[in-house]
Structure formats: C-alpha cells, structure tokens
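So the sequences go chain by chain: W and B.
With UniProt numbering applied, the first sequence corresponds to residues 1 to 338, in that order.
With UniProt numbering applied, the second sequence corresponds to residues 1 to 335, in that order.
Virtual Cβ for every residue (Gly too), placed ideally from N, Cα, C.
In what follows, a structure is listed as structure tokens, so that the remarks can point back to it.
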Amino acid sequence: MDKFRMIFQFFQSNQESFMNGICGIMALASTQMYSAFDFNCPCLPHYNMAYGLGILLVPPFILFLLGFVLNNNISMLAEEWRRPQGQRGKDPAVLRYMFCSMAQRAMIAPAVWVSVTLLDGKCITCAFCTSVPVETLGNASHPLLSQGEIQRVLAQIPCKEIYHGQELIANEVAVRYLRCISQALGWCFVLLMTTLAFLVRSLRPCFSQAAFLKSRYWSHYIDIERKLFDETCAEHARSFAKVCIQQFFEGMSTDLVAARCHLPRKTSEDAGEASKKLLGITDRGTMNMALKSWHRCKPPLHLLPPALPSGNGWAGEGQPPVHPSTPRRETAAYYSLV
Amino acid sequence: MMDRFRMIFQYFQSNSESVMNGICGLLALASVKMYTCFDFSCPCLPRYNMAYGLGIMFIPPIILFLCGLILNRQSLVMLDEWRRPQGHRKKDLAVIRYMCSSIVQRAMVAPVVWIIVTLLDGKCLICAFSGSMDPEKFVGFANVTPVQVEQLLAKVPCKDDELMRNNTSHKAVSRYLRCWSQALGWSILLILIIAAFLARWLRPCFNQASLLQARHWSNYIDIEQKIFEETCCEHSRLFAHKCILHFFESMRQEIKLHNFNLPREGEGDEGEEDLLQGITDQDQVNKLLETWYYDKPPLDVSQATQRHPLGRERSPLPRADSPRTHSKFPQHTNV
C-alpha cells in the first residue's frame, strides 16, 4: 500500500502539471499548425469573407474542443454530474470548479491561434479587402467601373499576381492599411486576454477563498478515488486470473491422476516439488491437451474454495480423484459469477 | 519470484493502454511524414486525373487502417475471445463490442489524419476535380472549343507546364479548388472533434455501469492471456531443464556401461562431479553433442520427476518406446 500511496502522491501533485504540460504543447502545436498551413485566399467577392473569417474562427473552436477531449477529467466530470445521488450528496460547487479549471486550460490554444492570426494579418486582409475605403486611399472617381466590378477588383487585393486595379487603389497601400488594422486588433486581443487572466488570478482570493479551497480539495479527491478504484480493480483482475489459471492446471492434473491410476507413483519429496513446479504436466501429449483445452473450453469465471480441486472433466472418464495430491496453496477468496 | 512477476504485470497493466495510445500517435505522425515525403505528381491528362487524385486520397488511409489493426495486440485477443467455443465460460457480447470499438477507434486516427492533411494541402482535390470545373466561371476560356477546354483544365495542376506559367485563369481555378479543399478539410475536422467531444461527454450518461463492467472484463481477458503465456513459458523452461538433465543422465549411464569405470570413492568431490555430469573428456563430449543432434530425447519427463537425484543404484532408464510410458492419451511419436 505504501507503493500505491507514493504513486498516487505523484499523480496528485502532477495531475495539474501534466494538464499544464498538455496545454503548453497544444499552444505550441497551434502556432506550428498555423505556420504549416498554407493560407490560400480565393480572391473572389463573396468567398473572401467566408474563408478569412472561417480560418480565424473555426480552428480555435476545434482547438477548444480538442482541449476538452484530451483532458481525462471530462469523463470524470460527466460521471459525477450524472451519477444517481445514492448515499453520497452532490456538491454543485465542486462540479463548477472542475468545469472552470478545464475550460480555462482549454482556452489557451485557441487564444494563441487567434493572436497569431491577427498579428500575421493574412486573414483580415483576405476577409475585409472588399471594405477598404477607396475614397480616402485610392482613386474613387474611376468612371467606367460599376459597383460589382469594383468589388471584384478589390477582392483580388490579397492575390498580388492577379491584381489589376492599380489605378483604382494601389495594392501596397491597401495591404498595409489592412495589416495595420489587423495587428492593432491582435495586440488589443493579447492585452485583453492577459488582463483578464491577471484579474482572475489576483481577485479570486478576495472572494470566497474558503469555498474555493473546499471545492479544489474535493475535486482532487474525486479524481484520486477514481484512479484508486481502477487500480484496485486491476489488482483484483490480476489475482483472479492467477487463481483461475492455477485452478485450471490443478484440475487438469487431478484428471490425469484419476486417469492414470494404474501407474503407481513413488512419491518422494522431490517428486512433489518437481511436479508442483511442472504443474503436473510432464510430457508433450499432456501439454498439447492443456493448450487445446485452454482454447476450446476455458474454465468458468468462478473460483473454487481452496479445499476442493475438481477436474475440468475433459479426461473423459468420470473417475473421482483418489486424494487431492497437490499441496495447499494460498488462494484468494473471491467468488464471482459471470 | 512471484513479487517480481507481480511488479512486471502491474507495469504491463498500467501501460497497455498507454502503449496502444503511443502506437496510435506514432502512426499518425508517420502518416503526416509519409505525406510530406510523397512526391505527388498529377498526370494532367483528362481521365487519369480523377483516378490518381482520389486514389491518393483514399488508398493510403485504407493501408494505414489495416496497419493500425495489425499493430494492435488487442485485436488478436478480441478475435480469440470471439471465436472460442463456449465451453464452461459464457461469452459476453458487450465485452467483445467494447474491445472492438476501442480497437477501431484507435485504428481510425491515422487514416483520418492522412485525409485531413491531404484536404488541407489541396493538391489531390485540385488534381481530381480540375477537369470538372465550369469554364464559364473563369475568364480566359472564352474562345476555346470544348475539347481544348477539357485539355486545358486537366493541365491546371501542372504548374511547370509552358502554357500554365503566367496564365491567370489557371491560377484562379487552382485557387478556387484549393479554397474548397481547405474548407472541406476544416469542416471534416470540426465534425470529428465535435463527435469526439460529445462521445466523451455523453458516454457517462448512458449505461455507465455496464460500460465499467465491459471495460473491467476486457482488461481481465487481456491480463489472463498474458499470465497464461507467462505460466507456459515458465513451464517450458522447467520442462527443458528436466529434459536436458535427463539426457545428460542417460549419456552418463551409457558411458559408464561402455567404459567399465571403477566405482569412485570418497564423497568429497560429489558436488563438482555432479556439475560435470560424468562427462570428463573430449571423446565423451563429442559423443554427447553428436547424440544431441542425431537422437534428441523424447518430450517426456514423467519418469525423470520420480527419481532420486543423487542415487547411484539406478535401473537403466526406460526408453521412449517401452510399454510403461504409454498412457491413455495420444502420444506423438515423431519427437
């Protein structure tokens, strides 16, 4: 149990740092994704806005949900929320704390994506190039172009190689203007996010700190309890499997003893030791039978009490065992039916 | 010794899911790497484009899916559990379904990554659908016959072609298709992430108890198989040990019979004698090695386990074909 305690102290102290690590990795991954992604503005009047705003807003939403999906605590939260009350009361403050802490961590990667996108400027340039103020920046009194034509020309601003509206408005001028606005928005966004984070961290202790400490404790408790339960079930499954296999081999050797009762055995201590280690299987035919029986006729998921080894019944003859020849072992007193 | 096994099995248990997740992540990275290394070269011919483009988009994911199934150890365990005869142990279909769904989910990650990377890059869709574009949407196809239009559109993905280099309408087609391809890629990614989120969020709302049971018994089946294999390994080690000791004994007996050695006196050197198994010169060793190759001992140590290890008054050992070693069970005689 000491070992378990150490393992769970490790998990407890590091669950938060583990989640912080994942959060940092996702933020880095989002910048990497942005630089790897080949931004390709369609340069067509109605498509630009959809594409530009889509690239600005859809990947952050995906990253936000991904932050939830990768967080193991989400199923714990849902479980705690949906469980029947039973004998243990439910505390909504704990649920709120868990949800808030998960949401805060999941917000970081989307915020990084939006900041990087705005600071780079391509998305805003693509989305809003048709709304450039031509009167102030260019030559609005171009006589031969209708509104639709002007829109089509302006939509080509992000694609320098196909832009042919230099007389209307210079490409450089429009791009610089849009980029300047985009970067200003980007810096404001970063400032806003940082201010919010600062306020949340510094003002929280001023309000209901005691309730906060309680919620944090009980949310950690629920996490640890679930992990400990899973570990205990795994330990149980191991012991169950070991005893089940032991009884399988014992049952087989009992059948063998019953079937070979015409061979008088010279029981010496060493023979007992050797056949105990060899599980009563001493030749090829018997081993093949054991392997075939393991596949064809697995033992039931029902551990027998220690004093009664019984055969698996595949020896064919219904001879009762002469005496339980295998020495007593420690068996776990688990009984369960499948 | 059992403690050591217990520690090793704890390691395996706690890590088999993380091993599977690790393999899944490695396959996803491998699929991205494969895509970047692959030299996509669109044929730029009217009917070949679609086949090539869609082929590159769909065939590698199938291969990656099958790889994901092959590399997952649990798929063999699941198949074994599904196909075994019922015998004394009932089969629980919920467990098999749980194992199947977890295997399929992990195997689907790498193919989905390939498809999304393909769509976000755009080359496949441009290659496959450039021939299906409506030429009237783009300037520059006005005074061209339909056959020529088809040829020209098919050449859009090949940027290095002489005609294409400075042609703006082809760039427009390329941009248009790329925009659609990227939009499709992001949409698919969004839908999948929403589905994953809903699955993780909503699963505890339905049948949580039976899910816990299915998960426990699927872990159990995995552990039981591992422990059984370990037990068989231990057994075969002991079996081999006994078999070889038996072989050395029988060689020593033969040598004694042939050499008419005088009975040795003194108990002092018994320990070392035992290690040498009575084989003390070059000819004897050669004879032993030859016999080991030409006449391996039978797979039967039932007589060996009955003998007193240090006794000298022994009867000659029964051979494999003597009637005493026949039992009711079928023996394979070609040892």
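- DSSP places D223/W in the helix class (H, G or I) of the three-state scheme.
- C-alpha of F247/B to C-alpha of G278/B: approximately 12 Å in a straight line.
- Taking the Cα positions, P297/B is about 7 Å away from C243/B.
- Secondary structure at D283/W: strand, using DSSP grouped into helix, strand and coil.
- Taking 9 Å as the Cβ-Cβ cut-off, the region 75 to 88 of chain W approaches chain B at S75, M76, L77, A78, E79, E80, W81, R82, R83, given in chain order.
- In this structure P60/B is in contact with W114/B, their Cβ atoms being roughly 6 Å apart against a cut-off of 8 Å.
- Between D92/B and W217/B, the CB-CB gap stays under 8 Å.
- Listed as beta-bridge partners of D2/W by DSSP are no residues whatsoever.
- Here the alpha carbon of Y177/W sits roughly 15 Å from the alpha carbon of A155/W.
- Restricting attention to alpha helix (DSSP H) runs no shorter than 4 residues, the region 41 to 78 of chain B encloses them at 48 to 70, ordered along the chain.
- CA-to-CA, the gap between P59/W and W218/W works out to about 34 Å.
- Beta-bridge pairing by DSSP links D300/B to D283/W.
- Per DSSP, L303/W lies in no alpha helix (DSSP H) segment and is marked neither H nor E.
- C-alpha of L213/W to C-alpha of R204/W: approximately 11 Å in a straight line.
- Considering only beta carbons, the part of the region 115 to 148 of chain B lying closer than 8 Å to chain W consists of L120, D121, G122, in chain order.
- Contact of Y220/B with chain W is assigned, a C-beta pair being separated by under 8 Å.
- The continuous stretches of alpha helix (DSSP H) do not include I162/W, and DSSP gives it neither H nor E.
- Rounded to the nearest whole angstrom, the C-alpha separation of M49/W and M76/W is 40 Å.
- In this structure, A237/W keeps its C-beta atom at 8 Å or more from the C-beta atom of Y98/B.
- Excluding its 5 nearest sequence neighbours in each direction, M251/B has C-beta neighbours in its own chain below 7 Å: I279, L288, T291, listed in chain order.
- Between A111/W and M193/W a beta carbon distance of about 5 Å is seen, short of the 8 Å cut, so the two are scored as contacting.
- In the DSSP assignment, M49/W falls within the unbroken alpha helix (DSSP H) covering 47 to 69.
- The C-beta distance from S215/W to Y47/W rounds to 48 Å, too long to fall under 8 Å, and the pair is not in contact.
- As the crow flies, the alpha-carbon of L301/W is around 22 Å from that of C100/B.
- Per the Cβ contact rule, the region 245 to 259 of chain W is not in contact with the region 131 to 139 of chain W (fewer than 3 Cβ pairs under 8 Å).
- Within chain W, the residues whose beta carbon sits less than 9 Å from that of W186/B are G54, I55, V58, P59, I62, listed in sequence order.
- Going by C-alpha positions, I23/B is about 32 Å away from L57/W.
- Taking C-beta atoms under 8 Å as the contact rule, A109/W and A27/W qualify, at a distance of about 5 Å.
- In this structure, F37/W is the residue among N288/W, E235/W, F37/W with its C-alpha nearest to the C-alpha of L120/B.
- In the DSSP annotation of this structure, the continuous segment of the alpha helix (DSSP H) that includes F228/B starts and ends at 208 to 259.
- Within the same chain, Cβ atoms closer than 6 Å to the Cβ of Y34/W are found at V116, the five residues on either side in sequence being excluded.
- Here A170/W carries a coil assignment [DSSP, helix/strand/coil].
- The C-beta of P297/B comes no closer than 8 Å to any C-beta of chain W.
- Taking all protein chains shown into account, V19/B has fewer than 16 neighbouring C-beta atoms within 10 Å of its C-beta and is therefore exposed.
- Residues of the same chain with a CB within less than 7 Å of the CB of C43/W, apart from the 5 flanking positions on each side, are A155, Q156, P158, C159, I162 in chain order.
- In this structure, the CA atom of L118/W is about 8 Å from the CA atom of W187/W.
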